[in-house]
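In this note's numbering, the protein residues as written are 310 to 557.
What follows is a set of notes on a single structure, which appears directly below.
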Ligand code: NAP
């Protein structure tokens, strides 16, 4: 059964990793997909042609999610091209890890801008088309680190915790308009980035997780599909932990 037939989704940061996994699952489920990226032009073009085999409209946009005006312009362009936006996935994110003692103002500001301000920018921009459609689903990618904190990631943890408060506030404001807002908190997800790490270290991480493995991008994508679709019609303001039981 295709869960997103006829729907239009906008996904930020989908040239690789978790965002790419979400774009793939959404397209498999019949959605037209507009996605963004920061600089990976080649990967974006490759994803466009990979996803176009599903027969829905697919387009990648180079757009800085941290830039307020660019986000508004992006949403205007997507609505002009796709007709509307039913689903927004705020997935774009970065890390600039270091201990607080060594953290520069730039490292703090960059992470807050890309991870948190971007969620404000895109969410604000999609409200208009979603109000017009009298429905919508906004899904924000947080992290277990936003729930429990992590040494060396004070900037990242603050941005991801901020997303949780923002999500609940949006859910309270927009529920009466049939616009749902939820967050996902992934744990340790194995991507191209983690493949470069020492296998012994990665195995130690896996051993501490109750399900005894790292998550895949597909694990997060399936949870995102659930929150995007009518399967979760009565769920808003929630945080779904996709972490193999790492946080209970
Ligand atoms: P990733 O592989 O590093 O991919 C990041 C994506 O975001 C790329 O498509 C990148 O585009 C894009 N991006 C970066 N800055 C951007 C900007 N300013 N504007 C628009 N797009 C931008 O990341 P990931 O591991 O898949 O993580 C995706 C999300 O899940 C992030 O929010 C992350 O914090 C969260 N998360 C990840 C994990 C994990 O274990 N991987 C765990 C918990 C939460 P380019 O390719 O052009 O650079």
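Backbone N, C-alpha and C fix where the C-beta goes; we use that ideal spot for every residue, glycine too.
Rounded distance between the beta-carbons of residue j and residue i, thought under 8 Å
i	j	result
residue 534	residue 472	Between residue 472 and residue 534 the Cβ distance is about 20 Å, and since that is not below 8 Å, they are no contact.
residue 383	residue 340	Rounded, the Cβ-Cβ distance is 18 Å, inconsistent with contact.
residue 432	residue 408	Actually they do not touch by this definition, with Cβ atoms about 31 Å apart.
Residue i, buried or exposed, once every other Cβ within 10 Å from all chains shown has been counted against 16
i	result
residue 555	buried
residue 484	exposed
residue 365	buried
residue 540	exposed
residue 526	buried
residue 460	exposed
Cβ shell of residue i (< 8 Å), same chain only, five flanking positions each side left out
i	result
residue 462	404, 406, 454
residue 440	486, 488
Beta-carbon proximity check, residue i vs residue j, cutoff 8 Å
i	j	result
residue 489	residue 421	no
residue 435	residue 360	no
residue 444	residue 487	yes
residue 475	residue 428	yes
residue 446	residue 536	yes
residue 510	residue 529	no
residue 374	residue 380	yes
Range of the contiguous beta strand (DSSP E) that encloses residue i
i	result
residue 371	367-371
Same chain, Cβ closer than 7 Å to residue i, five either side skipped, listed in chain order
i	result
residue 519	553, 554
residue 477	546
Own chain residues within Cβ distance below 6 Å of residue i, not counting five before or after
i	result
residue 324	346, 349, 352, 353
residue 344	320, 323, 332, 369
For residue i, the first and last residue of its enclosing alpha helix (DSSP H)
i	result
residue 476	463-483
residue 573	Summary: the structure shown does not reach residue 573, with the chain confined to residues 310 through 557, and so no result is reported for it.
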